[in-house]
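Numbering (my numbering), first residue to last: 126 to 376. We put the CB at the ideal spot given by N, CA and C, even for glycine. Heads up: the structure comes next, in structure tokens.
Structural data, given as structure tokens:
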């Protein structure tokens, strides 16, 4: 979910010394594009003279209270615009900064309730970031005119991993897709006069189209075996490729 939007999630971990707090928590909040707080129930809260146990509430995470206060400071005082969402398990008592912040938490009961709501908020809130819109528009221009053969070829590239062995993908392509009409048609469109086999033509044609669109890097000698060559999908395009291939039903 986060990788599709070119985001790298950061999860706060325990720190062993005071100096680590600044770099580990405060520094990461300052750099954040967004904040998602997930508050689970902690211990029960019982006030003197409170009635039946069924009326008792739960305490939430003190850390999340503090993080929300820091986000409010960054936004209201330092002029940042960090979108924030709070997901709270039911029956948690509002305490501390939560009693004064204008916040509309989303309540959940179980993990099954929680995950779809987090995913929806992330997509609705962060998919339209200006920098992501810019990349998406650039991606659309580069892939304008791509048809089934181009997208299927890029799906194969994605399936081969981070480093794509030239000979391996060539063998896979020629053996698995020999009878695929989209690739046969791509071979007919190719202008490689020295190659007679339409599927082999299609392979070189689609490699060239992907390189012209700057979606893949040119093949280079493999570090572990210089006699072999490998290439990779340009990392910045992987999330958008994943989204497009899913939209087309190829993933």
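Bridge-paired residues (DSSP) for residue i
i: residue 222; result: According to DSSP, residue 222 bridges with nothing at all.
i: residue 354; result: 346
Spatial neighbours of residue i in its chain, beta-carbon cut-off 6 angstroms, leaving aside the 5 residues before and after
i: residue 330; result: 311, 315
i: residue 209; result: 160, 196
i: residue 218; result: 170, 182
i: residue 165; result: 214
i: residue 376; result: 370
N-terminal and C-terminal residue of the alpha helix (DSSP H) that residue i is part of
i: residue 152; result: 152-156
i: residue 364; result: 363-372
8 angstroms Cβ shell around residue i - same chain, five flanking residues per side excluded
i: residue 286; result: none
i: residue 239; result: 163, 212, 233
i: residue 340; result: 267, 268, 279, 358, 359, 362, 366
i: residue 294; result: 281, 282, 285
i: residue 216; result: 166, 182, 183
Host beta strand (DSSP E) of residue i (start-end)
i: residue 164; result: 160-164
i: residue 135; result: Careful: residue 135 lies outside any beta strand (DSSP E) and carries neither H nor E.
Close-in-space but distant-in-sequence residues of the same chain around residue i (CB under 7 angstroms, 5 per side omitted)
i: residue 167; result: 183, 184, 185, 186
i: residue 323; result: 309, 312, 313
i: residue 342; result: 356, 357, 359
i: residue 155; result: 199
Inter-residue CB distance, residue i and residue j (contact presumed, cutoff 8 angstroms)
i: residue 250; j: residue 242; result: Their Cβ separation, rounded to whole angstroms, is 12 angstroms, which puts residue 250 and residue 242 out of contact at 8 angstroms.
i: residue 304; j: residue 274; result: At roughly 13 angstroms, the Cβ-Cβ gap does not stay under 8 angstroms, so residue 304 and residue 274 are not in contact.
i: residue 290; j: residue 355; result: 5 angstroms
Item checked: Whole runs of the beta strand (DSSP E) within the region 224-254, excluding any shorter than 3 residues -> 231-233
Check: Hey, which unbroken runs of the alpha helix (DSSP H) at 4 residues or more fall wholly within the region 191-216?
Finding: none
Next item on the list: Counting only runs of 4+ residues fully inside the region 282-326, write out the alpha helix (DSSP H) ranges in chain order.
Entry: Listed in chain order, the alpha helix (DSSP H) elements of length 4 or more contained wholly in the region 282-326 are 291-301, 306-314.
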